[in-house]
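Which chain is which? The protein sequence lines are A and B, in order. Each residue of the first sequence is one higher than the one before, counting from 2 in the numbering used here. Each residue of the second sequence is one higher than the one before, counting from 240 in the numbering used here. Everything below concerns the one structure shown next.
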Amino acid sequence: MGAVNGRNTHDGSTYDPRARDNRAYDTRAHDTRAHDSRSHDGSGRIVVRNLTKRFGPVEAVRDLSFTVEPGRVTGFLGPNGAGKTTTLRAALGLVIPTAGEVTINGVRYDQLGHPARVVGALLDSQGFHRARRARAHLKIYAAAIGVPDTRVDEVLTVVGLHGDGDRKVGGYSLGMRQRLSLATALLGDPRILVLDEPGSGLDPQGVAWLREFLRAFAATGRTVLVSSHQLAEVAQTVDHVVIINKGRQVYEGRLDQLQGDGRPKVRVLSSDATRLATALAGQGVTDIQSTPDGGLTVTGASATTVGDTALAAGVAIYGLTQERADLERQFLELTDARYQPGASASAGGPTGQPPGPPAAQPAGHPAGQDGPLA
Amino acid sequence: MTSPQHPPNPPGPVNPIAPVSDYQHPDPTRADPNRPGADRPGTRPAGPEMLGQFVALLRSELRKTYSTAAWWALLIPAALLSLLVNLATGQGNGLAFSPGLGMALALGSFSSKLAVVYGVVCASSEFRHRTITTSFLTAPGRAQLIVAKAVVAGLVGAVYGAVSGIAGILGAMFAGGLSGGVPENLLAVCAVAVLTFALWGALGVGVATMMSSQLAAIVAVLVYLLLVEQVVSGLVSLGGWGQIESYMPGGAANTALTELASEGTLAGTLLGGGTTPWWLALLIFAGYAVLAVLAGAAIAQRRDVT
Chain A
2 MGAVNGRNTH
12 DGSTYDPRAR
22 DNRAYDTRAH
32 DTRAHDSRSH
42 DGSGRIVVRN
52 LTKRFGPVEA
62 VRDLSFTVEP
72 GRVTGFLGPN
82 GAGKTTTLRA
92 ALGLVIPTAG
102 EVTINGVRYD
112 QLGHPARVVG
122 ALLDSQGFHR
132 ARRARAHLKI
142 YAAAIGVPDT
152 RVDEVLTVVG
162 LHGDGDRKVG
172 GYSLGMRQRL
182 SLATALLGDP
192 RILVLDEPGS
202 GLDPQGVAWL
212 REFLRAFAAT
222 GRTVLVSSHQ
232 LAEVAQTVDH
242 VVIINKGRQV
252 YEGRLDQLQG
262 DGRPKVRVLS
272 SDATRLATAL
282 AGQGVTDIQS
292 TPDGGLTVTG
302 ASATTVGDTA
312 LAAGVAIYGL
322 TQERADLERQ
332 FLELTDARYQ
342 PGASASAGGP
352 TGQPPGPPAA
362 QPAGHPAGQD
372 GPLA
Chain B
240 MTSPQHPPNP
250 PGPVNPIAPV
260 SDYQHPDPTR
270 ADPNRPGADR
280 PGTRPAGPEM
290 LGQFVALLRS
300 ELRKTYSTAA
310 WWALLIPAAL
320 LSLLVNLATG
330 QGNGLAFSPG
340 LGMALALGSF
350 SSKLAVVYGV
360 VCASSEFRHR
370 TITTSFLTAP
380 GRAQLIVAKA
390 VVAGLVGAVY
400 GAVSGIAGIL
410 GAMFAGGLSG
420 GVPENLLAVC
430 AVAVLTFALW
440 GALGVGVATM
450 MSSQLAAIVA
460 VLVYLLLVEQ
470 VVSGLVSLGG
480 WGQIESYMPG
490 GAANTALTEL
500 ASEGTLAGTL
510 LGGGTTPWWL
520 ALLIFAGYAV
530 LAVLAGAAIA
540 QRRDVT
């Protein structure tokens with residue numbers, strides 16, 4: 002219903018560099034800060050160090066450590082309830098860690114002084130007073146941050162809401178609210194962007210636009226940390242990923258190295274799955290799983306081996322596909338509910354499914370998924 | 240502040256993300272924050288800059304205030320109550336009730352409730368609409384934000400006091416109680432009302448910040464003021480432990496007004512006058528308001544914002 006159709010004329014990057022031209026407010030800040038000893042280092046680096054957060058009996062995050070470097074887009078992935086939101090909110094000083102700390106530019110968020118000029122945050126798309134016009138909303142925070150009101154129009158233009166600035170936020174679509182959240186995050190012309198599930202509510206064009214935007218933002222040497230529970234949503238955007246599950250880190254590294262063990266996988270549909278499996282076992286290939294459609298997934302053997310074995314065994318082949326152990330599968334395995342992060346370390350830990358449906362997992366925060374609180 | 244008639248869609252392409260001419264690759268040399276002196280070395284501000292940041296927060300809170308309807312929506316009943324009560328007391332019994340006491344009753348027992356409700360609403364709406372996250376993120380500290388909010392709610396409260404006072408004077412005039420001009424003590428009551436209403440607004444911010452639930456905070460404040468405080472002070476009085484009313488928040492605020500109104504008047508003498516002078520009551524009430532704001536700020540400081 003929104004007037005912004007998510008239409009996108011992106012012929013390349015969409016970040017408007019002119020938005021950085023107006024730096025009158027920055028210059029002033031320079032002068033007053035030169036002689037303060039407790040300055041942050043301006044590195045654009047986010048460091049999570051042994052972060053643990055418990056909400057009552059629920060341990061949302063456990064001993065989590067990772068570093069987010071500037072100049073690239075870092076994806077922060079994990080299933081719902083993995084502790085992503087808790088971690089991001091701890092980084093932004095909204096949640097007080099039970100143990101450990103998160104530093105931005107070397108200091109805690111509350112020590113940044115002008116936090117919104119260093120970090121822009123998009124946490125949930127519900128943080129608006131419905132009766133306020135978008136422009137009024139932005140002016141409120143422009144005043145708090147201490148940037149001139151002209152910045153409001155700049156950020157509205159950047160996110161494509163310029164024509165809708167005088168509408169009440171209550172009439173905005175979810176996608177428009179996401180854009181307005183992003184506009185709010187950009188008000189202080191921050192060096193670091195932290196986004197929690199920014200894709201939710203955006204249409205495919207909006208997601209594509211956001212992807213281009215974040216890449217362009219990071220390409221200028223700035224830092225982007227973006228969380229998602231869907232790998233596909235960020236796979237084309239991020240360079241680096243941190244994957245967590247049940248509050249603990251299960252992977253940190255380049256996305257393209259998240260390829261599993263590199264063993265080939267072959268899916269085969271045959272006339273007699275049992276006979277083929279037996280024949281393969283005779284060849285020393287034992288990692289075989291049956292699939293619901295009556296086929297087999299063979300790990301550790303090439304398509305040639307499988308085909309030859311089938312021929313020798315007299316089994317007809319109806320379909321044979323070589324699969325790369327793809328990112329999505331690897332991600333799903335890492336974030337499977339049964340996956341035990343650091344299981345070897347936690348002797349005596351639960352070995353099966355946690356009792357109850359997935360909702361019983363430490364649900365860090367339902368933020369952004371609650372209905373609007375009217 | 241905004242032009243409401245702005246067309247939702249400007250002519251030309253239907254809301255492109257940005258005009259095509261704006262689409263440029265960010266110039267790495269220009270936007271590269273790693274180049275010398277490019278990015279702002281951030282520091283924890285001190286001294287004059289902290290003051291500047293507080294002023295920025297005040298501006299932000301003022302903008303929050305006038306961009307929604309709450310401030311005038313609650314001001315209307317405050318003014319109406321004052322007008323009607325003064326009209327009624329002025330007409331009802333001109334001899335027993337001095338205009339000043341009528342005014343003290345109207346402002347203290349009726350209109351002031353809306354000032355405290357305004358304070359509660361303006362703070363708790365941040366939690367209700369979840370704007371508190373952005374407000375905390377853009378403020379140098381949570382305590383500063385709460386204090387700025389209390390100051391601005393205090394300003395709005397002062398406006399409530401002034402407008403309610405003027406409405407009350409009009410009411411008394413219509414009732415024919417002010418034929419001899421506006422008595423001095425009536426004006427004094429109005430002036431002190433501006434102060435107490437300001438404190439009520441700030442106190443409301445403190446209470447709402449402690450509780451964070453809008454409905455709960457409004458109900459708690461009203462139930463306390465209209466019921467709990469009366470019952471407690473009544474029981475204490477019945478038990479022979481003395482008069483504590485003027486030492487409790489609502490009672491202290493009312494005492495400041497009624498004592499001032501009854502000073503040197505026949506009605507005041509007849510009613511026996513309290514033992515607490517108006518200025519002491521006002522100080523006690525100010526203490527409660529400051530306490531509420533500080534407690535709210537302290538609690539906000541420790542609370543997880545989820």
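From the three backbone atoms N, C-alpha and C, an ideal C-beta is built for every residue, glycine too. Bear in mind that the values here come from a model prediction, so they are computed numbers and not experimental data.
Between the CA atoms of L256 (chain A) and R302 (chain B) - distance to the nearest angstrom: As a working note, residue 302 (chain B) is residue 63 in the second sequence. As a working note, residue 256 (chain A) is residue 255 in the first sequence. Annotation: R302 (chain B) to L256 (chain A) spans about 44 angstroms, alpha carbon to alpha carbon.
Beta-carbon contacts of G101 (chain A) that lie in its chain and below 8 angstroms, excluding the five residues immediately before and after: Residue mapping note: residue 101 (chain A) aligns to position 100 of the first sequence, counting from 1. Only V49, R50, N51, L52, T53, D64, L65 and S66 meet the Cβ criterion.
C-beta neighbour in chain A for T307 (chain B), strict 7 angstroms: As a first step, residue 307 (chain B) is located in the second sequence; it is residue number 68 there, counting from the start. True, the Cβ-Cβ gap to chain A drops below 7 angstroms.
Any C-beta of chain A under 7 angstroms from that of A362 (chain B): Taking the first residue of the second sequence as position 1, residue 362 (chain B) is located at position 123. It does not: the Cβ of A362 (chain B) has no partner Cβ on chain A nearer than 7 angstroms.
Of the residues B:G404, B:A411, B:G478 and B:V467, the one placed nearest L434 (chain B), counting alpha carbons only: Residue mapping note: residue 434 (chain B) aligns to position 195 of the second sequence, counting from 1. Nearest in C-alpha terms to L434 (chain B), of all of B:G404, B:A411, B:G478 and B:V467, is B:G404.
Beta carbon proximity, R133 (chain A) to chain B, threshold 7 angstroms: Residue 133 (chain A) sits at position 132 when you count from the first residue of the first sequence. Closer than 7 angstroms: yes.
Any C-beta of chain B under 7 angstroms from that of Q179 (chain A): What you label residue 179 (chain A) is simply residue 178 of the first sequence in a count that begins at 1. Under the Cβ distance rule, Q179 (chain A) does not count among the residues neighbouring chain B, no pair being separated by less than 7 angstroms.
The segment 262-278 of chain A contacting the segment 235-250 of chain A, beta-carbon criterion three pairs below 8 angstroms: At 8 angstroms Cβ cutoff, the stretches do not touch.
Coarse secondary structure for K247 (chain A), derived from DSSP in three states: As a working note, residue 247 (chain A) is residue 246 in the first sequence. DSSP, read as helix, strand or coil, puts K247 (chain A) in coil.
Cβ-Cβ distance between W517 (chain B) and E498 (chain B) below 7 angstroms: One-based indexing of the second sequence puts residue 517 (chain B) at position 278. One-based indexing of the second sequence puts residue 498 (chain B) at position 259. Contact: yes.
G285 (chain A) versus L297 (chain A) - alpha carbon distance: On the first sequence, residue 285 (chain A) is found 284 positions in, with the first residue counted as 1. On the first sequence, residue 297 (chain A) is found 296 positions in, with the first residue counted as 1. Distance between the alpha carbons of G285 (chain A) and L297 (chain A): 16 angstroms.
Three-state secondary structure (DSSP) of A61 (chain A): Position 60 of the first sequence, counted from the start, is the residue given in the question as residue 61 (chain A). The answer is strand: DSSP assigns A61 (chain A) an E or B state.
Exposed unless 16 or more other CB atoms sit within 10 angstroms - verdict on G295 (chain A): The residue you call residue 295 (chain A) lines up with position 294 of the first sequence. Counting C-beta atoms within 10 angstroms of its own C-beta, G295 (chain A) has fewer than 16 neighbours from the protein chains shown and is therefore classed as exposed.
Sub-7 angstroms separation of T494 (chain B) and S501 (chain B) beta-carbons: As a position in the second sequence, residue 494 (chain B) is number 255, starting the count at 1. As a position in the second sequence, residue 501 (chain B) is number 262, starting the count at 1. In this structure, S501 (chain B) does not lie closer than 7 angstroms to T494 (chain B) by Cβ.
Cross-chain neighbours of F375 (chain B) in chain A, by beta carbon under 8 angstroms: On the second sequence, residue 375 (chain B) is found 136 positions in, with the first residue counted as 1. Result: G94 and L95.
Counterpart residues of A241 (chain A) in DSSP-defined beta bridges: Mapped onto the first sequence, residue 241 (chain A) falls at position 240. Here the sequence assigns His to residue 241 (chain A), which means Ala is not the residue at that position. As DSSP reads the structure, H241 (chain A) sits in a beta bridge with A:T75 and A:R255.
Residues bridged to V120 (chain A) (per DSSP): Looking up residue 120 (chain A) in the first sequence gives position 119. DSSP lists A:I193 as partners of V120 (chain A).
Contact set for A382 (chain B): own chain, Cβ-Cβ below 6 angstroms, skip 5 residues either direction: Within the second sequence, the letter at position 143 stands for residue 382 (chain B). Within the same chain, A382 (chain B) has close Cβ partners A536 and Q540.
C-beta contact flag for G227 (chain B) and G347 (chain B) at 7 angstroms: The displayed coordinates of chain B run from 240 to 545. Any statement about residue 227 (chain B) would go beyond what the structure contains.
Contact belief for L188 (chain A) with I141 (chain A) at Cβ below 8 angstroms, rounded distance in angstroms: By one-based count along the first sequence, residue 188 (chain A) stands at place 187. By one-based count along the first sequence, residue 141 (chain A) stands at place 140. The distance from the Cβ of L188 (chain A) to that of I141 (chain A) is about 10 angstroms, inconsistent with a contact at the 8 angstroms cut-off.
V103 (chain A): first and last residue of the uninterrupted beta strand (DSSP E) it sits in: In the first sequence, the residue the question calls residue 103 (chain A) occupies position 102. Its beta strand (DSSP E) spans residues A100 to I105.
N-terminal and C-terminal residue of the alpha helix (DSSP H) that S363 (chain B) is part of: As a working mapping, residue 363 (chain B) is identified with position 124 in the second sequence. Its alpha helix (DSSP H) spans residues S351 to R367.
7 angstroms Cβ shell around W386 (chain B) - same chain, five flanking residues per side excluded: As a position in the second sequence, residue 386 (chain B) is number 147, starting the count at 1. For clarity, residue 386 (chain B) is Val in the given sequence; the question names Trp instead. Here the set comprises V532 and A536.
Contact list for A144 (chain A) against chain B, beta-carbon separation under 7 angstroms: Residue mapping note: residue 144 (chain A) aligns to position 143 of the first sequence, counting from 1. For A144 (chain A), the chain B residues whose C-beta falls within less than 7 angstroms of its own C-beta are A295, R298, S299 and R302, listed in chain order.
With 16 other Cβ atoms within 10 Å as the buried cut-off, status of V467 (chain B): Taking the second sequence and counting its residues from 1, the one referred to as residue 467 (chain B) is at position 228. Residue environment: V467 (chain B) is assigned as exposed (fewer than 16 neighbouring CB atoms within 10 Å of its CB, all protein chains considered).
Euclidean distance between Cα positions of G416 (chain B) and E423 (chain B): Taking the first residue of the second sequence as position 1, residue 416 (chain B) is located at position 177. Taking the first residue of the second sequence as position 1, residue 423 (chain B) is located at position 184. In a straight line, the C-alpha of G416 (chain B) is about 14 angstroms away from that of E423 (chain B).
Proximal residues to T99 (chain A) (C-beta, below 7 angstroms), its chain only, five neighbours per side dropped: Here residue 99 (chain A) refers to the residue found at position 98 of the first sequence. Closer than 7 angstroms at Cβ, skipping near neighbours: T53, K54 and R55.
Rounded straight-line distance, which links the Cα of G301 (chain A) to that of V96 (chain A): What you label residue 96 (chain A) is simply residue 95 of the first sequence in a count that begins at 1. What you label residue 301 (chain A) is simply residue 300 of the first sequence in a count that begins at 1. Between V96 (chain A) and G301 (chain A), the C-alpha separation is close to 45 angstroms.
Rounded distance between the beta-carbons of M487 (chain B) and S472 (chain B), thought under 8 angstroms: Counted from its first residue, the second sequence places residue 472 (chain B) at position 233. Counted from its first residue, the second sequence places residue 487 (chain B) at position 248. Under the criterion of beta carbons closer than 8 angstroms, S472 (chain B) and M487 (chain B) qualify as touching, at roughly 6 angstroms.
Residue nearest to G72 (chain A) in terms of C-alpha spacing, selected from A:L226, A:A317, A:F332 and A:V243: The sequence position of residue 72 (chain A) within the first sequence is 71, counting from 1. Measuring from the Cα of G72 (chain A), the nearest candidate turns out to be A:L226.
Proximity of L394 (chain B) and M342 (chain B) at Cβ, strictly below 7 angstroms: In the second sequence, counting from the first residue as 1, residue 394 (chain B) sits at position 155. In the second sequence, counting from the first residue as 1, residue 342 (chain B) sits at position 103. By the CB criterion at 7 angstroms, L394 (chain B) and M342 (chain B) fall outside the cutoff.
Cβ neighbour criterion (16 or more within 10 Å) applied to S337 (chain B): Taking the first residue of the second sequence as 1, we reach residue 337 (chain B) at position 98. By the neighbour-count rule (16 or more Cβ atoms within 10 Å), S337 (chain B) is buried.
Per-residue DSSP class, three states only, for F67 (chain A): Translated into the one-based positions of the first sequence, residue 67 (chain A) becomes position 66. In this structure, F67 (chain A) counts as strand in the three-state DSSP scheme.
9 angstroms Cβ cut-off: residues of chain A touching T448 (chain B): Taking the first residue of the second sequence as position 1, residue 448 (chain B) is located at position 209. None at all; the shortest Cβ gap to chain A is about 15 angstroms.
Cβ neighbour criterion (16 or more within 10 Å) applied to D165 (chain A): What you label residue 165 (chain A) is simply residue 164 of the first sequence in a count that begins at 1. With 16 or more Cβ atoms within 10 Å of its Cβ, D165 (chain A) is classed as buried.
Counted within 10 angstroms of its Cβ, other Cβ atoms place P58 (chain A) as buried (16 or more) or exposed: Here residue 58 (chain A) corresponds to residue number 57 of the first sequence, with the count starting at 1. Classification for P58 (chain A): exposed.
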